[in-house]
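Enquirer: This is the structure I have questions about; it appears just below.
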Amino acid sequence: MIKERSLAIISVISIFLVAMILMVSMKNMTNSNDIDSANIKQPDYVSKIFNKNKVSEINIKIDEDQWNDLLQNAIKEEYYNCDITINGETFSNVGIRAKGNSSLNMVAGDDTTDRYSFKIKFDKYIKGQDYYGLEKLALNNNIGDTTNMKEYLSYEIFDELGVAVPGFAYTNIKVNGQEWGLYLAVEVMEESFIERQFGSLEGNLYKPETMEMGNMNRNMERQPEKNNEDIEHKNDTKNPRSFGDFNRGNSGTNLVYTGDDISNYSGIFHNSIFKTTNEDDYNIVVEMMKNLDAGTNLEEYLDVDEILRYFVANTFLVNLDSYAGNLKHNYYLYERNGKFQILPWDFNLSFGGHEINNGSLAINFPIDNPVTDTMENSPLISKLLEKQEYKEIYYQYLEDLTINYIESGKYKTSISRVNELIKDYIKSDPTAFYTYEEYQNSLPILLQFGKDRAESVMAQLKGQQPTTTYGDIKTNIDLSALGSMGKGVGNNMMNSDKMTPPGNFGNGENPDTMFKAMEIIKELSGEELTDEDRRQLAELGLNSEQIEELLKMIKQMPNNMRDKTNRNMSQQGNRNRNNMEYKNNIDTKKIIIFIASIVALILSLIFISSFKRKKYIRPL
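Going by full-length UniProt numbering, the first residue of the sequence shown is number 1, and it counts up by one from there.
Here is the structure:
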């Protein structure tokens, strides 16, 4: 016989347990990685400086001697004290420094320009100072971009696909009241960005960066400010990385699993952004890479849907100065509750501006092999495309982007709108890398790039063009008219011995051709080029003299620098166009759990309320 007190205790425990089940099921339905940033209250700095309908005004007030010292020693990336006025509002004692990697070296090596990119740190000299919640602001100089729109449109495309992007908008910069130039202001992806996009500062953020660059004779890239603190970095020009050794020294930035030792992945862990990140967090990253390598538990460790959307945008843009290229950089890795996303960064060399030498290759860039490195060396995309269900989702997003953004006219409208916004600033820009005429001539080509690329992508999706090798969609796109690294600055840097290999190869050629040519020649099993090798090199625009000179240079390299690399080509299979089934299945499971929990709670309450308690009679 159950006593009244015991029954009450059982009832409370039952309700508590069912309530806990309900809470867990609700948590599963609102996975923290599926946060809708549109429902998160945005800080004031978004509307104040990242208003895309206007060009903001920034005036940098700084001692002239300090300014000249900053420009003369920009390569050191040291902060200087200044006052900064943004749209009429002044903030005193703010830090400013030059920023960039190869772009910084490019400007530093050219005595015809001082147009550096800058980083603004509001709390450098006054603790706690920020710009309406923003701690740091990047001011990008649009180097290598005749259109001045590549980065802007790239972020817009990622945003169109629902990938978290930093705030971005144009700004007109003055220094001590004198016109300096039109820049793109970009939100630095640190604490304020994470809180704005994801609602809290949970998780860990990394900016993977190899200690060595994959292009010849350039200085080492500067690591980010580790754990959000400033570190002085010295550029070593005496011991540059040997040209052509692409896949070595990436320190884990390719996300290839090489064992459990966290020291194998210094390129990731030395570049953690948050101060709270520790060794336990590093082990979570290693565990993710281990499962990625094995192709197991992918949905447990990866936000698969977000990563696919990232690579859809990146592939359409042919953005190879990224994880998709040989350098494996210019991306962020964000871990939240053990699940990872990849976040975009730095797009002045998108639209085929890096590692590709001609318009045909850019337009026909293959969607199933969307890297210039090997797929084996790019597991974050290759392991997903190995699974048919993920590939189908990837295809659907590619089709959606092509139809909804390009064919709908949205892309054309964006170019026209931005042109109206910035053209007068470009016309009067005193430090511009390109002339106003070059800018005007680049816009029809930029528009045509989108149309031709959309045609190629749709043809690949329909099986009319190859998806793992370059196709043959006709195009008259001239990539050089859109700009590329090294173009748009003076001749001194490009004529430097640091920028061209011996012989005639570098005589006026785009240095990015080197990367593609090296990938072909690295696969030599013998000492001579086959007819197919020569055909591929000719497609890159190399003549016979240049090919022989490059081959001669490669033969002089040590054998360990010419290791054969295997290309892991994903085979195109039959496609089922019901690409959203995967996501719907996940949502259905969550709903079933939720409904079952509610039913269990109701049944418990009915049981408790209908239970007829026997009257307790005290024995005589």
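Even glycine gets a Cβ: it sits at the ideal position worked out from N, Cα and C.
1. Go to ALA138, then tell me how far its beta strand (DSSP E) extends in each direction, as first and last residue.
2. DSSP three-state call for MET97: helix, strand or coil?
3. Where does GLU232 fall in DSSP's three states?
4. Quick test of your reading: ASP83 and LYS61, contact by CB under 8 angstroms. State the CB separation rounded to the nearest angstrom.
5. Do you know how far the Cα of ASN358 is from the Cα of LEU479?
6. Roughly how many angstroms separate the alpha carbons of PHE311 and GLN440, rounded to a whole number?
7. Going by beta carbon distance, what residues of the same chain come within less than 6 angstroms of ASN59, once the five residues before and after it are set aside?
8. Measure how close the beta-carbons of LEU292 and LYS383 come, nearest whole angstrom, since I'm counting them as under 8 angstroms.
9. Report the rounded CA-to-CA distance for ILE356 versus GLU151, giving the unit in angstroms.
10. Would you tell me roughly how many angstroms separate the C-alpha atoms of LEU343 and ASN319, rounded to the nearest one?
11. First and last residue of the beta strand (DSSP E) that includes TYR332?
12. Report, in whole angstroms, the separation of the C-beta atoms of LEU317 and SER350, which I expect to be a contact under 8 angstroms.
13. DSSP puts GLU179 in a beta bridge; with which residues?
14. Could you check the C-alpha separation between SER456 and PHE158 for me, to the nearest Å?
15. Go ahead and label GLY352 buried or exposed: buried means 16 or more other beta carbons lie within 10 angstroms of its beta carbon, across all protein chains shown.
16. Got a sec? Which residues, its chain only, sit under 6 angstroms from THR171 by beta carbon, not counting five neighbours each side?
17. State the Cα-Cα distance for the pair GLU407 and TYR80, rounded to the nearest angstrom.
18. Is the beta carbon of GLY483 closer than 9 angstroms to that of THR146?
19. Report the rounded CA-to-CA distance for ASN330 versus THR435, giving the unit in angstroms.
20. Going by CA-CA distance only, name the one from GLN178, LYS41, VAL418 that's closest to ASP429.
21. At what residues does the beta strand (DSSP E) containing ILE415 begin and finish?
22. Considering only residues of the same chain and omitting the five flanking positions on each side of THR210, which have a CB-CB separation below 8 angstroms?
23. Among ASN101, GLU437, PRO366, which has the Cα closest to the Cα of residue 640?
24. Measuring straight from C-alpha to C-alpha, what distance separates ILE96 and GLY203?
25. Between the Cα of SER192 and those of PRO444, GLY162, VAL46, GLU64, spot the shortest distance and give me the residue it belongs to.
26. The beta strand (DSSP E) spanning GLN341 covers which residue range?
27. Going by beta carbon distance, what residues of the same chain come within less than 8 angstroms of LEU398, once the five residues before and after it are set aside?
28. Would a C-beta distance cut-off of 9 angstroms place ASN51 and ALA169 closer than the cut-off?
29. Measure the C-alpha to C-alpha separation of GLU299 and LEU421 and round it to an integer number of angstroms.
30. Only counting runs of 4 or more residues, tell me where the alpha helix (DSSP H) segments fall wholly within the stretch 244-297, in order along the chain.
31. Helix or strand or just coil, what does DSSP make of ALA108?
32. Hey, how far is the Cα of LYS410 from the Cα of GLU156?
33. To which residues does DSSP link ASN81 through a beta bridge?
34. Roughly how many angstroms lie between the CA atoms of VAL256 and GLU386, to the nearest whole one?
35. Give the DSSP-derived three-state secondary structure of ASN204 in the structure shown.
36. Please classify ARG417 as buried or exposed, where buried requires at least 16 neighbouring CB atoms within 10 angstroms.
Expert: So, from the data block:
1. Looking at the DSSP string, the run of the beta strand (DSSP E) that includes ALA138 is 136-140.
2. A quick correction: the sequence has Arg, not Met, at residue 97. Strand, per DSSP.
3. Bear in mind that the predicted position of GLU232 carries a pLDDT of just 38, short of 50, making it too unreliable to give a figure here.
4. So it is a contact: roughly 4 angstroms between Cβ atoms.
5. Our two residues, LEU479 and ASN358, have alpha carbons roughly 6 angstroms apart in a direct line.
6. Each residue's CA atom was taken as its position, placing PHE311 and GLN440 some 30 angstroms apart.
7. Listed in chain order, the non-local C-beta contacts of ASN59 below 6 angstroms within the same chain comprise THR85, LYS174, local neighbours out to five positions each way being set aside.
8. With 8 angstroms as the limit, LEU292 and LYS383 qualify as a contact, their Cβ atoms being about 5 angstroms apart.
9. Pairing ILE356 with GLU151, the inter-Cα distance amounts to about 18 angstroms.
10. The C-alpha of ASN319 is placed about 14 angstroms away from the C-alpha of LEU343.
11. Looking at the DSSP string, the run of the beta strand (DSSP E) that includes TYR332 is 331-336.
12. That pair is a contact at about 4 angstroms.
13. For GLU179, the beta-bridge partners assigned by DSSP are LYS174.
14. Roughly 19 angstroms separates the two Cα atoms.
15. Looking at its Cβ environment, which holds 16 or more other Cβ atoms inside 10 Å, GLY352 is buried.
16. The residues are SER56, ILE58, TYR183, ALA185.
17. Using only the alpha carbons, I get a separation of about 47 angstroms.
18. Taking a C-beta distance under 9 angstroms as the contact criterion, THR146 and GLY483 qualify as a contact pair.
19. One C-alpha to the other measures close to 28 angstroms.
20. Ranked by Cα distance from ASP429, the first of GLN178, LYS41, VAL418 is GLN178.
21. Per DSSP, ILE415 belongs to no beta strand (DSSP E); it is in the alpha helix (DSSP H), 410-427.
22. Its chain contains GLU221, GLY249, ASN250, SER251, THR253, GLY267, LEU327, LYS328, HIS329 as the residues whose beta carbon lies nearer than 8 angstroms to that of THR210, once the 5 sequence neighbours on both sides are disregarded; these appear in chain order.
23. No answer is possible for residue 640: the residues shown for the chain start at 1 and end at 620.
24. Pairing ILE96 with GLY203, the inter-Cα distance amounts to about 28 angstroms.
25. Distances from the CA of SER192 to each of PRO444, GLY162, VAL46, GLU64 were compared; the closest alpha carbon is that of VAL46.
26. Element bounds for GLN341: 339-344.
27. Closer than 8 angstroms at the Cβ level, and outside the excluded window around LEU398, lie VAL312, THR315, PHE316, ILE367, VAL457, LEU461.
28. Annotated as proximal: ASN51 and ALA169, with beta-carbon spacing under 9 angstroms.
29. Looking at the two C-alpha atoms, the distance is approximately 42 angstroms.
30. Segments of the alpha helix (DSSP H) lying fully in the stretch 244-297: 266-269, 279-294.
31. Under the three-state reduction of DSSP, ALA108 is assigned to helix.
32. Between LYS410 and GLU156, the C-alpha separation is close to 11 angstroms.
33. Bridge partners of ASN81: GLY95.
34. When rounded, the distance between both Cα atoms is 16 angstroms.
35. In the displayed model, ASN204 falls within a strand according to three-state DSSP.
36. When all chains shown are included, ARG417 counts as exposed.
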